[in-house]
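Read through the structure below, which is laid out as structure tokens, and then see the notes.
Numbering (this note's numbering), first residue to last: 359 to 798.
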């Protein structure tokens, strides 16, 4: 996962040849050949292979993974090569400062737990406080934060399938993280056309070495994720693995005709992400859609996110406030198009997903709301603070219903740098925030 947009590239530009070349100098005709598949890794144990197979089976059972090249890649790629060290949290969720142990594949006693962690399907922490990844010592860490992770496998598999990867495609993987996405792209497309870009040179160095251990030699570079890597573009596929507040114009400019880009768009709230699906037609025009999704990537550096403290979560679930009884049902969790609209129309709200009842707070001002069932088609709504969050939800729900209850919105990337999301019938619309550097 790339950790933000503020860095400069550290490798030199590649002169543009008369025929587009891959990162190893091969032409497009060569790139269309069958992708290189790495040999069996010497340290890939039967236990690791069994763990991969079990992970793939769970993803298939959940409907997140289908037969195809992504499935074959996940079955073939030994995750312990890409992540021979990974962090596990030993402290309770609200314990401060937090405590982690760094598990190490080179220690036989730790392999079973590491394999379980790598193949659980959950996100995997691989870097603490921006540390060098190569050559570090295993052991415990206390305090600080995790600064690079491998995303949850269900979301990753779903997005990679949505990219529709094919042999010979050029792909820009923005936010290298552990290198999982880059490895899948190399497996499916061939490594000659893959560029993986991260803001952190330690992440880049580790991914380069570990992808090489798999037999892959993609272009692994350090730089600003939102400006892309134009030196060896354009790209048939662009994949951004960190949330951005709006679509970076530079990345759209580096898409090839017929190309597709995917990225999480979010506000300061982590609760209701949107997935931007951007397609460039053969004539070069762009068509984009913002889909309301359940899960999205974490934000990059410089993108402030709101969180609910342990004390605020406790207040929202137990404290008294003003209570009213209503026959208006709260929106369902599956009405994701409404929640996405609420996040845009009434920002700075965060949902407490761990609460039994619908519970939402505004941590900046201390307002909160919870809704509890009080009988047949009756609910008790308790609110506190200067914001009437229940009224905001009802307003957003009414506007969403008038818009036809869309699950996705058209995304307009206007020439004047204005980006807008609009319901298919045009009734509901909002602007994405403008951020410095959008016009580049």
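The C-beta atom is built at its ideal place from N, Cα and C for all residues, glycine as well.
Next item on the list: Classify residue 680 as helix, strand or coil using the three-state DSSP reduction.
Entry: If you number the chain shown from 1, residue 680 lands on position 322. It is a strand residue.
Item checked: Test item: CB-CB of residue 592 and residue 575 under 8 Å -> Counting from 1 along the chain shown, the entry for residue 592 is found at position 234. Counting from 1 along the chain shown, the entry for residue 575 is found at position 217. No.
Item checked: Whole runs of the alpha helix (DSSP H) within the stretch 429-483, excluding any shorter than 4 residues -> 437-440, 466-476, all fully within the stretch 429-483.
Item checked: Residue-chain proximity (residue 750, chain D), Cβ-Cβ < 8 Å -> Absent from the structure is chain D; it holds one protein chain and no more.
Notebook entry, point to check: What residue from 744, 670, 685, 638 has the CA that sits closest to residue 709's CA?
Noted result: On the chain shown, position 351 is the one that residue 709 refers to. Ranked by how close their Cα comes to the Cα of residue 709, the residues 744, 670, 685, 638 have 670 in first place.
Item checked: Local Cβ density within 10 Å of residue 603, reported as buried at 16 or more and exposed below that -> As a first step, residue 603 must be located in the chain shown, where it is residue number 245. Result: buried.
Notebook entry, point to check: Hey, out of 528, 763, 773, 653, whose CA is closest to residue 319's CA?
Noted result: What is shown of the chain runs 359 to 798, which leaves residue 319 out entirely.
Notebook entry, point to check: Quick one: what does DSSP say residue 734 is sitting in, helix, strand or coil?
Noted result: As a working note, residue 734 is residue 376 in the chain shown. In the structure shown, residue 734 sits in coil (DSSP, three-state: anything other than H, G, I, E or B).
Margin query: Assuming residue 638 is part of the beta strand (DSSP E), what are its boundary residues?
Written below: In the chain shown, counting from the first residue as 1, residue 638 sits at position 280. Residue range 632-638 is occupied by the beta strand (DSSP E) that includes residue 638.
Notebook entry, point to check: Which residue or residues does DSSP assign as beta-bridge partners of residue 719?
Noted result: What you label residue 719 is simply residue 361 of the chain shown in a count that begins at 1. Beta-bridge pairing links residue 719 to 708, 726.
Next item on the list: Could you work out which residue in 627, 509, 539, 508 is closest to residue 523 when comparing CA atoms only?
Entry: Start at 1 with the first residue of the chain shown, and residue 523 comes out as number 165. Ranking the options by Cα distance to residue 523, first place goes to 539.
Check: Using a Cβ-Cβ cut-off of 6 Å (strictly less than) and excluding sequence neighbours within five positions of residue 688, which residues of its own chain qualify?
Finding: Taking the first residue of the chain shown as 1, we reach residue 688 at position 330. The answer, listed in chain order, is 716, 729.
Notebook entry, point to check: Going by C-alpha distance, which of 535, 467, 531 is nearest residue 544?
Noted result: Here residue 544 refers to the residue found at position 186 of the chain shown. The candidate whose alpha carbon is nearest that of residue 544 is 531.
Note to self: Suppose you measure from the CA of residue 584 to the CA of residue 606; what does that come to, to the nearest Å?
What the structure shows: In the chain shown, the residue the question calls residue 584 occupies position 226. In the chain shown, the residue the question calls residue 606 occupies position 248. Between residue 584 and residue 606, the alpha-carbon positions lie close to 6 Å from each other.
Next item on the list: Counting only the same chain and skipping the five closest in sequence on each side, list residues whose C-beta sits under 7 Å from that of residue 782.
Entry: Locating residue 782 in the chain shown gives position 424, where the first residue counts as 1. Counting only Cβ-Cβ distances below 7 Å, and skipping sequence neighbours, we find 762, 764, 768.
Notebook entry, point to check: With 16 as the cutoff for other CB atoms within 10 Å, does residue 791 come out buried or exposed?
Noted result: Taking the first residue of the chain shown as position 1, residue 791 is located at position 433. Residue 791 is exposed by the Cβ-count criterion.
Check: Three or more beta-carbon pairs under 8 Å between the stretch 487-496 and the stretch 509-526, yes or no?
Finding: With a cut-off of 8 Å, the stretch 509-526 and the stretch 487-496 do not count as touching, because too few Cβ pairs lie within range.
Notebook entry, point to check: Excluding the five sequence neighbours on either side, which residues of its own chain have a C-beta within less than 6 Å of the C-beta of residue 648, listed in chain order?
Noted result: Residue numbering aside, residue 648 sits at position 290 when the chain shown is read from its first letter. Exclusion of the five residues before and after residue 648 leaves 632, 634, 767, 769, 779 as the residues of its chain whose Cβ lies within less than 6 Å of its Cβ.
Check: So is residue 477 buried or exposed if we call it buried at 16+ other beta carbons inside 10 Å?
Finding: The sequence position of residue 477 within the chain shown is 119, counting from 1. Buried, since its Cβ has 16 or more Cβ neighbours within 10 Å.
Item checked: residue 643 versus 771, 439, 464, residue with shortest Cα-Cα distance -> As a working note, residue 643 is residue 285 in the chain shown. Checking every option, the nearest Cα to that of residue 643 belongs to 771.
Next item on the list: Over the uninterrupted beta strand (DSSP E) stretch that includes residue 617, give me the two end residues.
Entry: By one-based count along the chain shown, residue 617 stands at place 259. Residue 617 -> beta strand (DSSP E) spans 613-623.
Item checked: Neighbour-count burial assignment, residue 420, 16 or more Cβ in a 10 Å radius -> As a first step, residue 420 is located in the chain shown; it is residue number 62 there, counting from the start. So residue 420 ends up on the exposed side.
Notebook entry, point to check: beta strand (DSSP E) containing residue 497: first to last residue?
Noted result: Stepping through the chain shown from its first residue, residue 497 is reached at position 139. Per DSSP, residue 497 belongs to the beta strand (DSSP E) from 497-500.
Margin query: Check this for me: beta carbons of residue 458 and residue 446, under 8 Å apart or not?
Written below: Looking up residue 458 in the chain shown gives position 100. Looking up residue 446 in the chain shown gives position 88. Yes, Cβ-Cβ distance for residue 458 and residue 446 is below 8 Å.
Next item on the list: Measure the Cβ-Cβ separation of residue 508 and residue 484 and say whether it is below 8 Å.
Entry: Here residue 508 refers to the residue found at position 150 of the chain shown. Here residue 484 refers to the residue found at position 126 of the chain shown. In contact: residue 508 and residue 484 (Cβ atoms closer than 8 Å).
Notebook entry, point to check: What did DSSP end up calling residue 740 once you bin it into helix, strand or coil?
Noted result: By one-based count along the chain shown, residue 740 stands at place 382. It is a strand residue.
Item checked: Three-state secondary structure assigned by DSSP to residue 655 -> If you number the chain shown from 1, residue 655 lands on position 297. Note: residue 655 maps to coil in three-state DSSP.
Next item on the list: Measure from the alpha carbon of residue 589 to the alpha carbon of each residue in 625, 551, 570, then state which is nearest.
Entry: Counting from one through the chain shown, the residue named residue 589 turns up at place 231. Nearest C-alpha to residue 589: 551.
Margin query: Pop quiz: residue 736 and residue 694 are said to be a contact at Cβ under 8 Å. What is the actual Cβ separation, rounded to whole angstroms?
Written below: Position 378 of the chain shown, counted from the start, is the residue given in the question as residue 736. Position 336 of the chain shown, counted from the start, is the residue given in the question as residue 694. Not confirmed; about 25 Å, so no contact.
Note to self: Can you tell me whether residue 744 is buried or exposed? The criterion is at least 16 other CB atoms within 10 Å of its CB, across all chains shown.
What the structure shows: Sequence index remark: in the chain shown, residue 744 carries index 386 (1-based). Per the 10 Å Cβ criterion, exposed.
Notebook entry, point to check: Skipping 5 residues on each side, what residues in its chain have a beta carbon closer than 8 Å to that of residue 498?
Noted result: Against the chain shown, residue 498 aligns to sequence position 140. When the five nearest sequence neighbours on each side are left out, the beta carbons in the same chain lying within less than 8 Å of the beta carbon of residue 498 are those of 448, 457, 458, 459, 460, in order along the chain.
Notebook entry, point to check: If you count every other CB in all the chains shown that lies within 10 Å of the CB of residue 777, and 16 or more means buried, which is it?
Noted result: Position 419 of the chain shown, counted from the start, is the residue given in the question as residue 777. Label assigned to residue 777: buried.
Item checked: Within 8 Å, strictly: CB atoms of residue 515 and residue 423 -> For the purposes of this step, residue 515 is taken as residue 157 along the chain shown, with counting starting at 1. For the purposes of this step, residue 423 is taken as residue 65 along the chain shown, with counting starting at 1. With contacts defined as CB atoms closer than 8 Å, residue 515 and residue 423 qualify as a contacting pair.
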